[in-house]
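S.K.: Once you've had a glance at the structure underneath, I'll fire off some questions.
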């Protein structure tokens with residue numbers, strides 16, 4: 335699954351893939367693969383990103399349009 339919202343949230347926050355990878359304590363390449371849907375993003379990472387971006391996991395996963 336391709337998570338367009340991961341990329342959109344990152345760009346809206348003016349962050350690089352490397353900066354978000356540091357938030358998740360992973361390599362940039364791993365995070366890039368989450369964004370592109372090559373790797374399935376783990377639940378703990380979705381939760382961490384929801385907290386970081388002050389949004390819901392449902393929004394990140396595309397289950398809600400309300401940020």
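In the numbering used here, the protein residues as written are 335 to 401. C-beta atoms are modelled at their ideal positions from N, C-alpha and C, and glycine is treated no differently.
1. Any idea if residue 397 is buried or exposed, counting beta-carbon neighbours within 10 angstroms, 16 or more meaning buried?
2. Write down every uninterrupted run of the alpha helix (DSSP H) in the stretch 337 to 400 whose length is 4 residues or greater and which is fully enclosed by it, in chain order.
3. Which residues in the same chain as residue 347 place their Cβ atom closer than 8 angstroms to its Cβ, once the five residues preceding and following it in sequence are excluded?
4. Going by C-alpha distance, which of 394, 375, 376 is nearest residue 384?
5. Ordered along the chain, which non-local residues of its own chain (more than five positions away) have a Cβ less than 6 angstroms from that of residue 354?
M.R.: According to the data block:
1. Residue 397 comes out exposed.
2. Runs found: 338 to 346, 351 to 358, 362 to 370, 377 to 387, 391 to 395.
3. Cβ neighbours of residue 347 beyond the five flanking positions: 387.
4. Per the Cα distances, 394.
5. Cβ neighbours of residue 354 beyond the five flanking positions: 344, 365.
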